[in-house]
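Colleague:
In the numbering used here, the protein residues as written are 22 to 237.
1. According to the neighbour-count rule (16 or more other Cβ atoms, all chains shown, within 10 Å of its Cβ), is residue 231 buried or exposed?
2. Could you check what DSSP says for residue 46 in three-state terms: helix, strand or coil?
3. Checking contacts by CB at 8 Å: is residue 228 closer than that to chain B?
4. What do you get for residue 215, buried or exposed, if any count of 16 or more other CB atoms within 10 angstroms of its CB means buried?
5. Can you tell me which residues form a DSSP beta bridge with residue 23?
6. Indicate whether residue 133 and residue 57 have their beta-carbon atoms separated by less than 8 Å.
7. Using CA coordinates, which residue listed in 168, 229, 178 is at the minimum distance from residue 97?
8. From residue 191 to residue 199, what distance separates their C-alpha atoms?
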């Protein structure tokens with residue numbers, strides 16, 4: 022199975038055992054699968070496992086795999102699929118997982134310096150604001166933010182929707198996507214994609230999800 026897209030429409034193409042060529046939009050496959058089409062359901066399931074395999078191949082910055090897979094599955098294409106509400110949750114979760122291991126957890130991203138809890142008195146400023154802190158961030162952070170701007174917006178919007186639900190974890194299938202979105206947010210934070218003010222806002226949302234009370 023291979024994938025391509027144009028004008029925000031994503032298509033899967035494949036060749037069957039008789040060497041016949043097939044192509045179908047991923048949305049149409051999802052729609053037919055929901056309607057009970059066993060063949061299309063199997064195609065989507067096969068592709069979902071293929072995406073999981075790709076992510077495993079790229080795990081821990083395996084650059085031989087990352088180089089090949091990132092050429093076929095770019096940031097924009099993966100984003101379209103993970104944000105498409107017409108696709109099943111488990112497939113969107115697989116795309117989200119792939120985004121992390123193919124495009125986020127790779128060079129030039131490096132973990133931000135952890136907070137130092139022990140400091141000399143002379144190193145501690147007498148006053149500092151969030152604006153002052155953010156102004157010291159380097160330009161490279163803005164460059165990498167631009168590449169993932171849509172992804173970061175999706176992460177924040179999705180988590181805001183989760184925290185606003187009366188029972189956020191009632192849908193087990195959606196929980197798979199929620200887990201991957203939180204994992205993606207975790208890594209975006211660790212790689213320094215967020216400014217301090219953005220991080221405070223995202224942290225409040227994540228704490229809201231953690232603090233939600235489930236009905237027995």
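Backbone N, C-alpha and C fix where the C-beta goes; we use that ideal spot for every residue, glycine too.
All values derive from a computational prediction rather than experimental measurement.
Modeller: Here's the rundown:
1. To locate residue 231, count along the chain shown from 1; it is residue 210. Answer is exposed; the Cβ neighbour count stays below 16.
2. By one-based count along the chain shown, residue 46 stands at place 25. Strand at residue 46.
3. Structure shown: chain B not included; a single protein chain is present.
4. For the purposes of this step, residue 215 is identified with residue 194 of the chain shown, where counting begins at 1. Label assigned to residue 215: buried.
5. Reading the chain shown from its first residue, position 2 is the one you call residue 23. According to DSSP, residue 23 bridges with 34.
6. Position 112 of the chain shown holds residue 133. Position 36 of the chain shown holds residue 57. No, they are not a contact pair.
7. Counting from one through the chain shown, the residue named residue 97 turns up at place 76. Nearest option by C-alpha distance: 168.
8. Within the chain shown, numbered from 1, the residue matching residue 191 stands at position 170. Within the chain shown, numbered from 1, the residue matching residue 199 stands at position 178. Roughly 12 Å separates the two Cα atoms.
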